[in-house]
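J.:
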Amino acid sequence: MLLIYCPHCGEHRDEEEFHSKGQAHIARPLDPDNCTDKEWGEYLFFRKNPRGLHHELWIHATGCRKFFNVTRDTVSYEIKEVYKIGERPSVVATAS
Amino acid sequence: MSQKNRLASGGRIDRSKVLTFSYNGRQYKGHLGDTIASALLANGVDIVGRSFKYSRPRGIVAAGAEEPNAVLQMGATEATQVPNVRATQQSLFDGLVCGATNGWPSAESDMMGIFGKIGGNMMPPGFYYKTFMYPKSMWETYEKFIRKAAGLGRAAKELDPDLYDSVNHHCDLMIVGSGPAGLAAALVAARSGARVILADEQSEFGGSLLDTRETLNGRPAAEWVATVVEELKSNPEVLLLPRSTVNGYHDHNFLTIHENRTDHIADKAPAGQTRHRMHRVRAEQVVLATGAHERPLVFGNNDVPGCMVASAVSTYINRYGVVPGNELVLMTTNDHAYQTALDWHDAGRKVVAIVDTRQNPKGDRIEAAKSRGLNIIAGSAVIEVQGSKRVRGVSIAPLNASGDGLSGSVERLSCDTVASSGGWSPVIHLSCHTGSRPEWRDDIIGFVPGKTVQKQHCAGGINGTYSLKAVLEEGARAGAKACEAAGFGDAAKGISLPLAEEVREGKAMALFHIPHTKPTSRAPKQFVDYQNDVTAAGIEVATREGFEAIEHVKRYTAMGFGTDQGKLGNINGMAITAKVVGKTIPEVGTTVFRPNYTPIAFGAIAGRNCKELFEPERYSAMHKWHVSNGALFEDVGQWKRPWYFPQAGESMQQALDRECKATRDSVGILDASTLGKIDIQGKDAREFLGRVYTNAWAKLAVGKCRYGLMCGEDGMVFDDGVTSCLAENHFLMTTTSGGAAAVLEWLEIYHQTEWPELEVYFSSVTDHWATMTISGPNSRKLLAELTDIDLDRDTFKFMDWRQGNVAGVPARVFRISFTGELSYEINVQANYGMHVWEKLFEHGAKYNLTPYGTETMHVLRAEKGFIIAGQDTDGSVTPIDLGMSWCVSNAKPFSYIGKRGMARADCIRTDRKQLVGLKTRDPKVVIPEGAQAVDNPKQPIPMTLLGHVTSSYYSANLGHSVALGMIRNGHNRMGETVYYPQADGSVIEAEICNPVFLDPKGERQNV
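Protein chains in written order, with the numbering used here: chain A, 11 to 106; chain B, 992 to 1998.
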């Protein structure tokens, strides 16, 4: 069970207080009506499944109910960083 | 038979306390401090079970968690039956009842042994895959046979009478294992002021020091243990957990400990006590001092009762005062095991020979053996054991220097016990639970913990450190490092460790599998995994058939699949695999270690979360009324909703018919409190609604209500409900009962991640309101008697809401309808709910006010063709598919959620499955929900399916059944016939029709 720091509450809490909502930084296209089916399909369905660093969206569901981002290593399950919505990660995978 | 193997003195048992226990229906005696295993050995019980495939007699091999054979069924009553009890770990208590889990008529004289020897040859490695695959229909028969033969024990058939619970902890240091390393670490940590938890699976702290004859400060080691434990006990920051197995090491230093609280006292926990407790520990730092398990050697017939691991023999002698035989042959690859021969000799029994696989062994213990005049046969090995129910003798032969062949003639020795030692395997299980791979060390001939991301320190046997002096030092060092990392400074200061004896040891030999005069495939069976009957020859077969990766060898042979998880045999199996495939052991690697370390009771996992505490139940404010009026309940999410209200003697259908008719004829009442309610405020609330609903919200005036559909970005319906405008910037959204939490999170995620610029706030108010819906032609008359709200049909119109008083309390009344009748939904503060509900019944008696539940609600709405999101939709249905294009506004300026999805090429096909009404040819027949439609029921199987029935009921009001369902291109097939073939061969014929069966113009709700 992960130990997650909520950047809004300022505390480490057990994973069971949170929900994972999948990959972070998937912006809704600003003009959906002008997306091709392929573009819309990619927005809707295509997600990364990296071995290593992954940026994820989480909600402190039984706490403050705020969403935030988590950078997690999918191999070791280490949490490298948490940051608020609208912020960019400082820990990123190096291009290989 | 009375404890013929018990020594007159010595050990940590209390000879003044005699305990009587029953094994396989016979009474035996043991002492306080015994395990079942030590007591059985004291009584000279050789056989504790029959083996899995070959039905061979098996005896006790080890003295701890690694025991593969003595896995018993325990329990004096049916309710307290426990399978998988390791006799080596279960403390003896007076009145204990246990038995072997297999063997018929008994483990001692087993009939299956005869067949087993034949059957076993018909069960080669991979037999699951080769033999039991075909024919598929026989699998259930095979499984029963395998389970019975496998000795897996059985669960109780009655309810578990015991209580279990769990406790959460946070600590600075979690120390696993209380041997010399763990105690040294605990001593350092406790003195530093850190909060420490020390857990050990045994009944006493001390680990190997409880079995040893080594001294500390010149005194028996157990004296030092007692002093340390005393000090730890007096420290309020230290939690001591004996009889507690750390079974799982999870991510971010989270550990699960299974504490056995009363199994050493009685079958059933004393009143008021919990039997087991799960400790859930989040530790700042972890010290693993889990020690090591001795490896037996693999040789011919090494499973005959009397064959044991060397150190286990010492443990039984030194700790329990039991010598498990009379004449010992010891086979060893290392110095340490000589101690077993010394202990045996000192206990006054005969050491026949020490067979050392090394050519020229040198060391202090060898000298000690020589000085006692023991017979050491160097450069040789036991290649085979004679005997079936007990060892009668051994064959020994000289080994070549590399240990892979014999170099001389075979000699026979007579004995009744064979102790073997192939060296030690560090107990690395916990260190591997979070994904760390162990590393092989040639110098200690074992795997040690590898790199990890956990805040973890290892000390002692787990590191391959075995000399007592070094173990103590390493423990203290690990404790100090962990304290420092946890912020407790230099904790090692002022700690003086006890003085340990220095024992000089020669180099051990890396040997796992003893060669035989015959090739492995023809030699007597050489067992690697006792519990699953995996032999060295079996591993050879597996590799020969191409299963060379260790995980494949494991699955093909079932090595390590038993309840012991291969603690004893796996490293030998890996070494044999390596030899056969010509690789090194580190190249072959280990299989993956997973929690739990030892089997645990389901009760311990469930804790208090069972029965009424399994899941919270949610009740409306009127729940007690429903109970006292005979409602049957339906689970909707966590809610208990009234299902229907049967009267005396009524069948379910009769009750539903009555409720449905009463509502349409006069007035019915539904407790609708469970509907999700979300209060939405803010200057951009209206804009927000327009983005999450498919229809328009810009012009909804204060005092008005509107039905809305919510879609995902894929254009598929996922929830629906009525939202009302309470004030210009204030709305009340209702959701389905089961969807409330998901809808709230849906609104929040869009607000917080996509449109944070919108000023809008969401609050769940589901539980704040009691909601009661009165429905039917007399609902206005009834409500008028209780409210000051003007109910005039032209001022308080359909889809309006009004604030006022009902039965003397403030209320919001919504004129909305899910039945198609004149209908009012009364919302009052939840704690007034029962009062208003009862007032309605007081005044409603003259109108035959009839309570109805979810089932009648379903029938009434189906008569009107109203959908239920989640029943008539399944995540693949657009509003257009539902025939609800009236609820979709593509004129809105913002591209609302679902708009683009609905416009995908696949969503605008005209031949999609669409929701239609279905009228059966025979009006009495109700099509089962889920039934699949076909055009031609006589077509060959597999038939072309057109869609399924989503809702189906008998309508008493209409006098015929009504059904809703999906039909491919259904909207264009009105009036056509489809067929529903049933499992019994019959076919139900139905006509596709408009889903609105009753009052298609909607006049009844507008009166």
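Quick reminder that beta carbons are idealized off the backbone N, C-alpha and C, glycines included. Because the structure is a prediction, the values reported are computed rather than measured.
Classify HIS65(A): buried if its beta carbon has 16 or more other beta carbons within 10 angstroms, exposed otherwise.
T.: That one is buried.
J.: In chain A, what lies closer than 8 Å to ALA1676(B) by C-beta?
T.: Within chain A, no residue comes near ALA1676(B); the closest Cβ sits about 18 Å away, beyond 8 Å.
J.: Taking VAL1544(B) as the reference, which of GLU1578(B), THR1582(B), TYR1521(B), VAL1076(B) has the closest Cα?
T.: Nearest of GLU1578(B), THR1582(B), TYR1521(B), VAL1076(B) to VAL1544(B), Cα basis: THR1582(B).
J.: Report back the beta-carbon spacing between TYR1307(B) and ALA1061(B) to the nearest angstrom; my notes put them in contact at under 8 Å.
T.: Actually they do not touch by this definition, with Cβ atoms about 12 Å apart.
J.: So what does DSSP say about CYS1156(B), is it helix, strand or coil?
T.: One detail in the question is off: residue 1156(B) reads as Asp in this sequence, not Cys. Correct three-state label for ASP1156(B): strand.
J.: Whose C-beta lies closer than 7 Å to the C-beta of HIS1336(B) among residues of the same chain, with five residues either side of it excluded?
T.: So the list reads VAL1342, ARG1363, LEU1365, once near-sequence residues are dropped.
J.: Starting from the beta carbon of GLU88(A), find every residue of chain B whose beta carbon is closer than 9 Å, and list them in chain order.
T.: In chain order: ASP1242, HIS1243, VAL1444.
J.: Flag this pair as yes or no: are the beta carbons of TYR1698(B) and CYS1423(B) separated by less than 8 Å?
T.: Their beta carbons are not under 8 Å apart, which means TYR1698(B) does not touch CYS1423(B) by this criterion.
J.: To the nearest whole angstrom, what separates the beta carbons of ASP1675(B) and LEU1749(B), a pair I think is in contact under 8 Å?
T.: With 8 Å as the limit, ASP1675(B) and LEU1749(B) qualify as a contact, their Cβ atoms being about 4 Å apart.
J.: What's the call for PHE1106(B), buried or exposed, on a 16-neighbour Cβ count within 10 Å?
T.: Because PHE1106(B) sits at a pLDDT of 49, beneath the cut-off of 50, its placement in the model cannot be relied upon, and the point is left open.
J.: Looking at chain A, which residues of the stretch 1865-1896 of chain B have a Cβ within less than 8 Å of any of its Cβ atoms?
T.: Under the 8 Å Cβ criterion, the stretch 1865-1896 of chain B contributes SER1886, LYS1890, ARG1891, GLY1892, ALA1894, ARG1895, ALA1896.
J.: How is GLN1645(B) classed by DSSP in three states: helix, strand or coil?
T.: The answer is helix: DSSP assigns GLN1645(B) an H, G or I state.
J.: Hey, how far is the Cα of GLY1198(B) from the Cα of GLN1522(B)?
T.: Computed Cα separation, rounded: 25 Å.
J.: Reducing DSSP to helix, strand and coil, say where THR1331(B) ends up.
T.: Three-state DSSP puts THR1331(B) in a helix.
J.: Per DSSP, which one or two residues make a beta bridge with HIS1267(B)?
T.: TYR1155(B), ASN1251(B), per the DSSP bridge assignment.
J.: Could you please give me the residues that DSSP links to GLN1672(B) through a beta bridge?
T.: HIS1721(B), TYR1752(B), per the DSSP bridge assignment.
J.: Once you ignore the five residues that flank ASP1156(B) on each side, which residues in its own chain have a CB closer than 8 Å to its CB?
T.: So the list reads THR1265, ARG1268, MET1269, GLY1598, ARG1599, once near-sequence residues are dropped.
J.: Between the C-alpha atoms of ASP1774(B) and VAL1998(B), what's the straight-line distance to the nearest angstrom?
T.: A small correction: the amino acid at residue 1774(B) is Leu; Asp does not occupy that position in the sequence shown. Cα to Cα, the separation comes out at about 15 Å.
J.: Bridge partners of ALA1853(B), per DSSP?
T.: In DSSP, ALA1853(B) forms no bridge with anything.
J.: Whose CA, out of ALA1981(B), GLN1905(B), VAL1868(B), lies closest to the CA of LYS1915(B)?
T.: When only C-alpha atoms are compared, the closest one is ALA1981(B).
J.: Can you tell which of HIS29(A), TRP50(A), VAL80(A), GLU52(A) has the C-alpha that lies nearest to the C-alpha of PRO99(A)?
T.: With distances taken between Cα atoms, PRO99(A) lies closest to VAL80(A).
J.: The stretch 1738-1771 of chain B: which residues have C-beta closer than 8 Å to a C-beta of chain A, in chain order?
T.: Against chain A - using a Cβ distance shorter than 8 Å - the residues of the stretch 1738-1771 of chain B are GLU1739, ILE1740, GLN1743, THR1744, GLU1745, PRO1747.
J.: Between ARG1649(B), TRP1688(B), THR1762(B), LEU1735(B), which lies nearest to LEU1840(B) when the distance is taken from Cα to Cα?
T.: If we check each option's Cα against that of LEU1840(B), ARG1649(B) comes out closest.
J.: Restricting to Cα atoms, I'd like to know which of ARG1903(B), ARG1356(B), GLN1350(B), GLY1384(B) is closest to LEU1397(B).
T.: If we check each option's Cα against that of LEU1397(B), GLN1350(B) comes out closest.
J.: Any idea which residues DSSP pairs LYS2058(B) with across the strands?
T.: Residue 2058(B) lies beyond the range of chain B shown here (992 to 1998); nothing can be said about it.
J.: Mind checking which residues open and close the beta strand (DSSP E) that includes ILE1368(B)?
T.: ILE1368(B) -> beta strand (DSSP E) spans 1367-1369.
J.: Roughly how many angstroms lie between the CA atoms of CYS1651(B) and VAL1868(B), to the nearest whole one?
T.: One C-alpha to the other measures close to 29 Å.
J.: Just curious, the alpha helix (DSSP H) that HIS1614(B) is in, first and last residue?
T.: First-last of the alpha helix (DSSP H) with HIS1614(B): 1614-1619.
J.: Exposed or buried, which one is HIS1022(B) when buried takes at least 16 other CB atoms within 10 Å?
T.: Buried is the call here.
J.: State buried or exposed for ARG1784(B), treating a residue as buried only when at least 16 other CB atoms are found within 10 Å of its CB.
T.: Exposed.
J.: Identify, in the order they occur along the chain, each residue of the same chain with its Cβ nearer than 6 Å to the Cβ of LEU1087(B), setting aside the five sequence neighbours on each side.
T.: Excluding residues within five positions, the ones whose Cβ falls inside 6 Å are PHE1012.
J.: With a CB to CB cut of under 6 Å and the five nearest residues on each side skipped, what residues in its chain are close to GLU26(A)?
T.: Around GLU26(A): no qualifying Cβ.
J.: Given ALA1280(B), which residues of its chain have a CB within under 7 Å of its CB, disregarding the five upstream and five downstream residues?
T.: The answer, listed in chain order, is ILE1166, VAL1167, GLY1168, GLY1170, ALA1172, GLY1173, ALA1176, ALA1450, GLY1451, ILE1453, GLY1466.
J.: Rounded to whole angstroms, what is the Cα-Cα separation between LYS1108(B) and ALA1301(B)?
T.: Its pLDDT being 46, under 50, LYS1108(B) is placed unreliably by the model, and the measurement read from it follows with that caveat. In a straight line, the C-alpha of LYS1108(B) is about 28 Å away from that of ALA1301(B).
J.: Spatial neighbours of PRO1515(B) within its chain, please: C-beta separation below 7 Å, excluding the five flanking residues on both sides.
T.: Correct list, in chain order: GLY1291, ASN1292, GLU1375.
J.: Kindly indicate if chain B contains any beta-carbon less than 8 Å away from that of CYS45(A).
T.: So yes, CYS45(A) belongs to the interface.
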